[in-house]
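Before any comments, here is the structure.
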Amino acid sequence: KGNCLDFGCGAGDLVESGRKQGLSYYGAEVFYEGGDVSKEVEKKGLLGNVVKKIENGVIPFPDDYFDFISSNQVMEHVEDIEQTLNEICRVLKPGGISVHIFPSKGVFREGHCGIPLLHWFPKNTKGIRFFYAWFFRWLGLGYFKDERSKGKWAGDFLDWLDVNTWYRTRKDLRFIFEKYLSFESLEDDYLRFRVGKSGRTWKGKLLDGLPISMWIKRSLLRQLSGMVVLARKRSLR
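Just so you know, we're using our numbering here: the sequence shown kicks off at 1 and counts up by one.
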């Protein structure tokens with residue numbers, strides 16, 4: 001079965017589920033200020049021995065330790081993606097694989113706040129970007145609506161995005177990935193998986209029903225949800 005790692009495991013749900021099924025699943029998480037769920041991991045009895053904290057960008061496991069690594073909605077939160085991929089490569093066994101699901105800059109909707117194209121604006125700017133976020137919030141869009149004014153909500157989310165997200169183009173991501181690992185698009189398989197699930201999402205239903213080629217469906221999936229990347233550590237020769 002081998003060792004598995006959920007990189008950026010959050011509250012450790014996948015790790016817990018995998019271990020209940022008899023898998024040797026571990027987790028690594030930075031527990032950053034914008035999403036510290038360490039107490040939830042501790043309640044599950046996983047913190048420290050199964051789920052370990054990433055510090056200074058180092059994945060706290062030995063070289064060539066994992067056969068499989070997963071990450072879900074993590075890579076858009078990584079500032080130094082080269083260091084991260086170098087670390088993933090280090091802890092993967094030769095021939096090991098990793099699968100990463102995350103949005104590139106090309107995705108239509110910023111998934112954390114729910115405002116379309118907000119992540120296309122330059123970081124650390126206000127002005128038009130602030131008015132744009134406020135306007136869509138005024139229209140009723142956006143997540144985590146509360147008693148805050150629309151202006152406060154827009155300003156808070158812009159600050160959070162500036163500190164916690166780094167969106168990159170698919171072209172740039174492929175170039176960076178291939179410095180350390182192979183890069184293969186896996187959207188076709190992921191789409192079939194989503195379509196085949198009972199109670200699948202509206203995106204899966206929509207893409208399944210469209211009379212268009214798989215190539216177009218794959219492109220739409222990247223723009224509606226994000227990328228699915230299969231990366232393999234090259235075997236030693």
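Glycine is no exception: its CB is placed at the ideal position from the N, C-alpha and C atoms.
Keep in mind that this is a model prediction, so the values were computed, not measured.
Spatially closest choice to residue i from the options, by CA coordinates
{"i": "residue 17", "options": "36, 32, 41", "result": "41"}
{"i": "residue 162", "options": "74, 230, 79", "result": "79"}
{"i": "residue 226", "options": "72, 60, 59", "result": "72"}
{"i": "residue 220", "options": "191, 9, 183", "result": "191"}
{"i": "residue 44", "options": "65, 19, 54, 55", "result": "19"}
{"i": "residue 46", "options": "88, 9, 82", "result": "9"}
{"i": "residue 249", "options": "105, 74, 148, 137", "result": "In this structure the chain extends from 1 to 237, so residue 249 is not present and cannot be described."}
Outcome for residue i when other beta-carbon atoms lying within 10 angstroms are tallied against a minimum of 16
{"i": "residue 52", "result": "buried"}
{"i": "residue 165", "result": "buried"}
{"i": "residue 125", "result": "exposed"}
{"i": "residue 140", "result": "exposed"}
Backbone CA spacing between residue i and residue j [nearest angstrom]
{"i": "residue 86", "j": "residue 180", "result": "6 Å"}
{"i": "residue 130", "j": "residue 154", "result": "6 Å"}
{"i": "residue 76", "j": "residue 5", "result": "18 Å"}
{"i": "residue 50", "j": "residue 110", "result": "32 Å"}
{"i": "residue 118", "j": "residue 158", "result": "9 Å"}
{"i": "residue 38", "j": "residue 31", "result": "6 Å"}
Endpoints, the beta strand (DSSP E) within which residue i is located
{"i": "residue 97", "result": "92-102"}
{"i": "residue 11", "result": "Run containing residue 11: none; DSSP gives neither H nor E here."}
{"i": "residue 27", "result": "24-29"}
C-beta neighbour in chain D for residue i, strict 8 Å
{"i": "residue 37", "result": "Although the question refers to chain D, the structure presented lacks it and comprises just one protein chain."}
Beta-carbon spacing of residue i, residue j below 8 Å
{"i": "residue 91", "j": "residue 128", "result": "no"}
{"i": "residue 21", "j": "residue 107", "result": "no"}
{"i": "residue 183", "j": "residue 231", "result": "yes"}
{"i": "residue 7", "j": "residue 74", "result": "yes"}
{"i": "residue 142", "j": "residue 135", "result": "no"}
Element boundaries [alpha helix (DSSP H), containing residue i]
{"i": "residue 6", "result": "Taken as a continuous stretch (DSSP letters only), residue 6 belongs to no alpha helix (DSSP H), being part of the beta strand (DSSP E) at 3-7."}
Check: residue i C-beta below 7 Å from any heavy atom of the ligand NAP
{"i": "residue 140", "result": "The ligand NAP is not among the ligands present in this structure, which contains no ligands whatsoever."}
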